[in-house]
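Trainee: This is the structure, below, for whatever I ask next.
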Amino acid sequence: MTMVQSRPAPKGGRPGRVPGQLTGWHVLAALLGFFGLIIAVNVVMAHYAVATFGGVETESSYKAGLAFKAEEDAAATQNARQWRVILDVSDRPDGTRLLVIEARDAAGKPLAGYAVDARFAHPADARQDVTVPLTDLGGGRYQGTAGVHRGQWELIVDLAQGEGRLFRSKNRVQLR
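Residues 1 to 176 (the UniProt record's numbering) are what the sequence shown spells out, left to right.
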């Protein structure tokens, strides 16, 4: 006959249980804590991913793919024209930036009478893009002011006549 001897109960414990012994409740608590932490971190990361991303490059990649050939042809036509723009961005005392654009053709003659659009595009967040209203100063010079903060920007200048864009200049600028 085998004799079973139970241990005396430790001070404040239950009889038959060794202090520090891993039980089913400990395993359950560890699993719930582990997966609870993973779920909480995923919820926080998903929230910040959705709330902070504003850098949509294109609304429809399918339509952008269809328009690629037209953009490629427009770039070749623009290169053949050999137009150029001179851009000057300077600080003003009121904290805004003064943008002066000078547009010239291949012979150096001023490009006047065109619809000129300019905008500062933030490279990471399209919600911060700033369109610059321009005034035609004559002689192929255009001027406008914008409240643009410090940092890197893409300065995009378009010259158009009628319905079609004839020229696009896209330059990375560092504003200090």
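Think of the CB as a built atom: it goes at the ideal place given N, C-alpha and C, for glycine as much as any other residue.
Hey, how far is the Cα of alanine 30 from the Cα of glycine 20?
Mentor: As a working mapping, residue 30 is identified with position 30 in the sequence shown. As a working mapping, residue 20 is identified with position 20 in the sequence shown. Those two C-alpha atoms are separated by around 15 angstroms.
Trainee: How is the alpha helix (DSSP H) around serine 61 delimited, first residue to last?
Mentor: Your numbering for residue 61 matches position 61 in the sequence shown. First-last of the alpha helix (DSSP H) with serine 61: 61-66.
Trainee: With distances taken from CA atoms, which of Glu71, Gly95, Gln161 is nearest alanine 112?
Mentor: Here residue 112 corresponds to residue number 112 of the sequence shown, with the count starting at 1. Cα-wise, what sits closest to alanine 112 is Gln161.
Trainee: Give the range of the alpha helix (DSSP H) segment to which glycine 36 is assigned.
Mentor: Numbered from 1 along the sequence shown, position 36 holds the residue referred to as residue 36. Unbroken alpha helix (DSSP H) run through glycine 36: 24-52.
Trainee: Rank Arg141, Asp94, Val100 by C-alpha distance to the C-alpha of glycine 147 and give the top, closest one.
Mentor: Translated into positions along the sequence shown, residue 147 becomes position 147. Comparing Cα positions, the closest option is Asp94.
Trainee: What residue range is occupied by the uninterrupted beta strand (DSSP E) comprising arginine 119?
Mentor: Mapped onto the sequence shown, residue 119 falls at position 119. First-last of the beta strand (DSSP E) with arginine 119: 115-121.
Trainee: If you count every other CB in all the chains shown that lies within 10 Å of the CB of arginine 127, and 16 or more means buried, which is it?
Mentor: To locate residue 127, count along the sequence shown from 1; it is residue 127. Exposure of arginine 127 is indicated by the presence of fewer than 16 other C-beta atoms within 10 angstroms of its C-beta.
Trainee: Given that a residue counts as buried once 16 or more other Cβ atoms are within 10 Å of its Cβ, and exposed if not, what is tryptophan 153?
Mentor: For the purposes of this step, residue 153 is identified with residue 153 of the sequence shown, where counting begins at 1. Burial call: buried.
Trainee: How about the region 132-148 and the region 42-60: do they share at least three Cβ pairs that are nearer than 8 angstroms?
Mentor: no
Trainee: Below 8 angstroms on the Cβ atoms is my guess for aspartate 105 versus aspartate 158; work out the distance and round it to an integer in Å.
Mentor: Counted from its first residue, the sequence shown places residue 105 at position 105. Counted from its first residue, the sequence shown places residue 158 at position 158. With a Cβ gap of about 16 angstroms, aspartate 105 and aspartate 158 do not count as contacting.
Trainee: Between the alpha carbons of valine 130 and phenylalanine 167, how many angstroms are there, rounded?
Mentor: Stepping through the sequence shown from its first residue, residue 130 is reached at position 130. Stepping through the sequence shown from its first residue, residue 167 is reached at position 167. The C-alpha of phenylalanine 167 is placed about 20 angstroms away from the C-alpha of valine 130.
Trainee: Tryptophan 83 lies in the beta strand (DSSP E); which residues open and close that run?
Mentor: Position 83 of the sequence shown, counted from the first residue, corresponds to residue 83. No beta strand (DSSP E) holds tryptophan 83; DSSP gives it neither H nor E.
Trainee: Please state the DSSP three-state secondary structure of lysine 170.
Mentor: Sequence index remark: in the sequence shown, residue 170 carries index 170 (1-based). Strand, per DSSP.
Trainee: Please state the DSSP three-state secondary structure of alanine 126.
Mentor: On the sequence shown, position 126 is the one that residue 126 refers to. If DSSP states are grouped into helix, strand and coil, alanine 126 belongs with the helices.
Trainee: Have a look at leucine 37 and alanine 121 and give me their C-alpha separation to the nearest angstrom.
Mentor: Translated into positions along the sequence shown, residue 37 becomes position 37. Translated into positions along the sequence shown, residue 121 becomes position 121. If you take the alpha carbons of leucine 37 and alanine 121, they lie about 38 angstroms apart.
Trainee: May I have the straight-line CA-CA distance separating tryptophan 25 from isoleucine 39, to the nearest angstrom?
Mentor: Residue 25 sits at position 25 when you count from the first residue of the sequence shown. Residue 39 sits at position 39 when you count from the first residue of the sequence shown. If you take the alpha carbons of tryptophan 25 and isoleucine 39, they lie about 21 angstroms apart.
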